[in-house]
Amino acid sequence: MVSDKIEKALNKQIRIEAESSQIYLSMACWAEKKGFEGVAEFMFAQADEEREHMLKLLRYLIERGGNAEISELSKPASVFNSPKEMFEEVLKHEIFVSESINDLVAVTFEERDFATHNFLQWYVAEQIEEEATARTILDKINLIGDDRSGFYLFDKDVRSMITPKAE
Ligand code: FEO
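Start counting the sequence shown at 277; every next residue gets the next number (the numbering used here).
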């Protein structure tokens, strides 16, 4: 069994991961409309990944005898001025998610719930990767500057950064 405090903290993270999925879906729609096909594919794949993150937490909570809550979700932004602005939002959001995971890990210490602590290590590692990916993409955008033709290659490049789905 998980404690009430752990249950509440896990449910909060479940909502954050679900909202992350919505955020990336919204970004995928924007990119698609603007003709950034590669970026759109990347964002659709990110949205799927975030849903997996959410489901993994949900299944864990149920397995540990907790009550999983499916809550309402906030509406994500749908308009961006540029791919740069959008990826800046991605980085900001992933930093926020990392902080939230860290807070959650801190609660597992308080509650002496070492099983949940162990389980969350996967998320700690995943967040390092997610932040690094956003930074790499922003570096690429900064290198391109205002070069329109550079964005064609950038779009292809981002498509190649999609993580293959685990079988
Ligand atoms: Fe699951 Fe990108 O945080």
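Every residue gets a Cβ at the ideal spot worked out from N, C-alpha and C, and that includes glycine.
Item                                                                                                                                                                        : Value
Considering only residues of the same chain and omitting the five flanking positions on each side of glutamate 406, which have a CB-CB separation below 6 Å?                : Glu370
Just to confirm my understanding: we take leucine 396, look at its own chain, exclude 5 residues before and 5 after, and list those with CB closer than 8 Å. What are they? : Ile377, Leu380, Val381, Thr384
Expressed to the nearest angstrom, what Euclidean distance is found between the alpha-carbon atoms of lysine 360 and lysine 416?                                            : 10 Å
Tell me which residue opens and which closes the alpha helix (DSSP H) that isoleucine 299 is part of.                                                                       : 280-309
Indicate the three-state DSSP secondary structure (helix, strand or coil) for asparagine 378 in the structure shown.                                                        : helix
Express the C-alpha separation of serine 302 and alanine 321 in angstroms, rounding to a whole number.                                                                      : 12 Å
Heavy atom of ligand 1 less than 7 Å from the Cβ of glutamate 375, yes or no?                                                                                               : no
Please state if the CB of isoleucine 290 and the CB of glutamate 387 are separated by a distance shorter than 8 Å.                                                          : no
Does DSSP put valine 355 in a helix, a strand or coil?                                                                                                                      : coil
Any heavy atom of ligand 1 closer than 7 Å to the beta-carbon of glutamate 370?                                                                                             : yes
Do three or more CB pairs link the segment 327-339 to the segment 292-309 at distances below 8 Å?                                                                           : yes
With alanine 410 and phenylalanine 363 assumed to form a contact (beta carbons below 8 Å), what rounded beta-carbon distance in angstroms separates them?                   : 6 Å
Closer than 7 Å: is that where the CB of serine 296 sits relative to any heavy atom of ligand 1?                                                                            : yes
Under the assumption that phenylalanine 430 contacts isoleucine 438 (Cβ atoms under 8 Å), give the Cβ distance between them as a whole number of angstroms.                 : Between isoleucine 438 and phenylalanine 430 the Cβ distance is about 14 Å, and since that is not below 8 Å, they are no contact.
What does the alpha-carbon distance come out to for the pair lysine 368 and serine 374?                                                                                     : 10 Å
Helix, strand or coil: which one does DSSP assign to lysine 441?                                                                                                            : coil
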